[in-house]
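Residue numbers (UniProt numbering), protein chains in the order written: chain A, 1 to 239; chain B, 1 to 239.
Don't be surprised by glycine CBs; every beta carbon is placed ideally from N, CA and C.
2 protein chains.
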Amino acid sequence: MTARGTGLIVGPPSEAIEAKAPSLVEDAYRAMKTAVRDNVFPPGYQGSEQEIAIRLGMSRTPVHEALIRLQEEGLVRVLPKRGILVCALSPADMREIYDLIATLEGLAAELLAGDEALRRPALERLDAINVDMRTALDQDDLDAWAQADDRFHRELVERCGNSRLARAVHTVMDQSHRARMLTLRLRAKPVRSLKEHLAVTSAIRKGDAVKAGTLARAHRQHARDELMPLLETLGMRHL
Amino acid sequence: MTARGTGLIVGPPSEAIEAKAPSLVEDAYRAMKTAVRDNVFPPGYQGSEQEIAIRLGMSRTPVHEALIRLQEEGLVRVLPKRGILVCALSPADMREIYDLIATLEGLAAELLAGDEALRRPALERLDAINVDMRTALDQDDLDAWAQADDRFHRELVERCGNSRLARAVHTVMDQSHRARMLTLRLRAKPVRSLKEHLAVTSAIRKGDAVKAGTLARAHRQHARDELMPLLETLGMRHL
DNA sequence: ATTCGTGAGCTTGCATGGAAGACGGCATGC
DNA sequence: GCATGCCGTCTTCCATGCAAGCTCACGAAT
Numbered sequence: 001m002t003a004r005g006t007g008l009i010v011g012p013p014s015e016a017i018e019a020k021a022p023s024l025v026e027d028a029y030r031a032m033k034t035a036v037r038d039n040v041f042p043p044g045y046q047g048s049e050q051e052i053a054i055r056l057g058m059s060r061t062p063v064h065e066a067l068i069r070l071q072e073e074g075l076v077r078v079l080p081k082r083g084i085l086v087c088a089l090s091p092a093d094m095r096e097i098y099d100l101i102a103t104l105e106g107l108a109a110e111l112l113a114g115d116e117a118l119r120r121p122a123l124e125r126l127d128a129i130n131v132d133m134r135t136a137l138d139q140d141d142l143d144a145w146a147q148a149d150d151r152f153h154r155e156l157v158e159r160c161g162n163s164r165l166a167r168a169v170h171t172v173m174d175q176s177h178r179a180r181m182l183t184l185r186l187r188a189k190p191v192r193s194l195k196e197h198l199a200v201t202s203a204i205r206k207g208d209a210v211k212a213g214t215l216a217r218a219h220r221q222h223a224r225d226e227l228m229p230l231l232e233t234l235g236m237r238h239l
Numbered sequence: 001m002t003a004r005g006t007g008l009i010v011g012p013p014s015e016a017i018e019a020k021a022p023s024l025v026e027d028a029y030r031a032m033k034t035a036v037r038d039n040v041f042p043p044g045y046q047g048s049e050q051e052i053a054i055r056l057g058m059s060r061t062p063v064h065e066a067l068i069r070l071q072e073e074g075l076v077r078v079l080p081k082r083g084i085l086v087c088a089l090s091p092a093d094m095r096e097i098y099d100l101i102a103t104l105e106g107l108a109a110e111l112l113a114g115d116e117a118l119r120r121p122a123l124e125r126l127d128a129i130n131v132d133m134r135t136a137l138d139q140d141d142l143d144a145w146a147q148a149d150d151r152f153h154r155e156l157v158e159r160c161g162n163s164r165l166a167r168a169v170h171t172v173m174d175q176s177h178r179a180r181m182l183t184l185r186l187r188a189k190p191v192r193s194l195k196e197h198l199a200v201t202s203a204i205r206k207g208d209a210v211k212a213g214t215l216a217r218a219h220r221q222h223a224r225d226e227l228m229p230l231l232e233t234l235g236m237r238h239l
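This is the structure in structure tokens:
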């Protein structure tokens with residue numbers, strides 16, 4: 001219990017834009033997260049730490065530690081003595097996620113609109129992204145659209161000044177990434193998205209926090225209301 | 001890559017009310033979390049895994065793994081090759097946390113008010129807690145008041161039906177618990193809290209989702225606006 | 001035919017040791 | 001006096017080994 005030295009009292013990881021030191025744990029973490037996101041490990045997939053360790057060319061230890069982090073983020077479960085399991089999402093889970101994101105992005109937009117210093121650089125980015133999305137739509141390039149959409153929402157939460165909010169949103173978006181990609185091509189041409197993005201951007205520019213928040217939240221709720229019936233219809237129990 | 005068997009596709013930890021199996025990692029996790037919450041490990045405290053392992057009577061491994069989880073939750077930082085550090089919170093961090101909680105509890109109240117099946121059992125609890133809080137106030141029992149306050153907010157998010165929301169709120173509330181306890185006795189008698197809790201409860205009972213959400217959010221914002229100047233005044237750089 | 005017990009082969013939990021990095025004090029050079 | 005480079009010590013990182021628990025197939029008993 002010897003608190004050594006009166007070292008600098010460093011804050012939580014919030015602020016620090018620490019470029020994680022390279023380590024096997026970090027490698028394993030990234031590799032497995034990517035594998036889950038890209039459906040290399042499909043939901044319901046069961047594997048063992050040993051198997052993954054061999055594939056990544058390391059021992060079980062770093063894999064095990066990376067799995068703890070992934071479990072904490074809700075992407076996998078480690079079943080004691082039984083192996084690891086990639087989590088599947090039910091429609092109810094998707095609803096939870098959308099409700100959460102809608103509200104949090106609403107707050108993000110609100111914070112952004114209410115802070116002059118914050119919104120100036122953010123708007124620059126958002127405007128550029130909106131242009132890209134318009135281009136993608138004109139060219140019927142769904143992948144480019146999805147990428148622009150992703151970037152828009154990412155910038156929104158990353159630049160709102162609340163790092164914990166950003167982290168929370170990222171966590172649940174990681175969980176739902178797979179499902180999102182899966183349903184991307186099942187929906188009608190997403191023309192409304194651009195309109196709504198522009199409206200949110202505009203409200204932020206005007207500094208109308210309440211309106212920006214309301215619009216951003218409604219935007220996600222629309223997406224939710226479009227997605228949920230689709231999932232139910234397809235009888236998707238899990239994905 | 002042999003996905004073994006067509007085993008049951010289990011969902012994310014969301015639903016499962018799994019009573020964590022007893023394990024050294026779990027013990028270490030709880031012990032250290034409690035130690036941080038109760039200021040046994042004050043912010044800025046530096047220690048080593050070895051030291052903690054000895055104190056807990058186990059090897060370094062479970063301590064290390066528990067630390068990974070605590071780091072993921074933002075309570076500590078593991079500095080590579082240097083030791084562990086208990087995170088301190090700045091006023092800016094407290095603001096982040098309150099903004100986040102305000103919004104999330106707003107959503108929780110909204111969800112609760114909008115769902116008949118959910119709100120019935122919840123209201124039973126909330127009513128009881130409100131009675132306890134009234135008693136505590138009448139007796140000037142600050143500790144009892146704090147406990148009732150905590151329970152109220154806990155029930156709110158745990159019974160709203162969105163497990164991810166609950167988890168997110170718990171995570172940031174754990175982070176801010178220390179600061180909250182510290183400032184508990186610096187504030188005026190919290191008579192407004194009860195009134196606001198009653199108002200939120202009433203709105204939920206009426207099924208007025210919008211009002212419930214607005215009130216719950218405003219309640220936390222009031223607390224924030226009361227707390228922030230206090231922190232600044234005391235010149236608290238970190239806590 | 002069906003049930004139940006048993007054991008082999010998985011799995012992770014945890015302990016431990018060696019390796020490499022980070023820090024701080026001390027000697028050295030100016 | 002002051003800066004600088006070196007080295008001992010402390011720390012985590014990672015590999016590995018053993019132990020214990022879980023699953024499932026197989027065989028015996030009913």
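query, result
"Nearest-angstrom Cβ-Cβ length linking residue 43(A) and residue 88(A), presumed shorter than 8 Å", "4 Å"
"Any C-beta of chain A under 9 Å from that of residue 172(B)", "yes"
"Three-state secondary structure assigned by DSSP to residue 114(B)", "coil"
"Neighbour list for residue 27(A) in chain B, Cβ cutoff strictly below 9 Å", "Under the 9 Å cutoff, chain B gives no residues; its nearest Cβ is about 14 Å from residue 27(A)."
"Inter-stretch contact at 8 Å, needing at least 3 Cβ pairs: the segment 76-85 of chain B / the segment 33-48 of chain B", "yes"
"Three CB pairs or more closer than 8 Å across the segment 155-162 of chain A and the segment 107-117 of chain A", "yes"
"Distance, residue 239(B) Cα to residue 70(B) Cα", "18 Å"
"Chain A contact for residue 163(B) (CB, 9 Å cutoff)", "yes"
"Limits of the beta strand (DSSP E) - the one that residue 83(A) falls within", "83-86"
"Three-state secondary structure (DSSP) of residue 243(A)", "The requested residue 243(A) is not part of the displayed model; chain A covers only 1 to 239."
"is_contact[residue 104(A), chain B] using C-beta, thresh 9 Å", "yes"
"CA nearest to the CA of residue 232(B), picked from 117(B), 106(B) and 94(B)", "94(B)"
"Listed by chain order, chain A residues near residue 99(B) by CB distance under 8 Å", "107, 111, 162 and 165"
"Cutoff 9 Å: residue 74(A) Cβ touching any chain B Cβ", "yes"
"Residue 179(A): contacting residues in chain B (beta-carbon distance under 9 Å)", "Simply none; closest approach about 12 Å."
"Under 9 Å between C-beta atoms of residue 128(A) and residue 136(A)", "no"
"6 Å Cβ shell around residue 151(B) - same chain, five flanking residues per side excluded", "129"
"Cutoff 9 Å: residue 65(A) Cβ touching any chain B Cβ", "yes"
"Burial state of residue 240(B) (16 or more Cβ within 10 Å)", "Given that chain B is displayed from residue 1 to residue 239, the structure contains no residue 240(B) and the question cannot be resolved."
"CB contact flag (residue 186(B), residue 133(B), <9 Å)", "no"
"Assigned exposure category for residue 155(A) - 16 Cβ within 10 Å defines buried", "buried"
"Best match in 173(B), 131(B) and 121(B) for proximity to residue 198(B) [C-alpha to C-alpha]", "131(B)"
"Which listed residue (190(A), 176(A) and 171(A)) has its alpha carbon closest to that of residue 73(A)", "171(A)"
"Length of the line joining the Cα atoms of residue 153(B) and residue 105(B)", "8 Å"
"Bridge-paired residues (DSSP) for residue 95(A)", "Paired residues: none, contrary to the question."
"Chain-order list of residues whose beta-carbon lies under 7 Å from that of residue 53(A) (same chain, five-residue window excluded)", "59, 60 and 63"
"Under 9 Å between C-beta atoms of residue 75(B) and residue 36(B)", "yes"
"Bounding residues of the alpha helix (DSSP H) (the contiguous stretch that carries residue 63(B))", "60-72"
"Min CB distance residue 59(A) to chain B below 9 Å", "no"
"Reference residue 55(B); option with closest CA among 138(B), 201(B), 175(B) and 31(B)", "31(B)"
"First and last residue of the uninterrupted beta strand (DSSP E) at residue 79(A)", "76-79"
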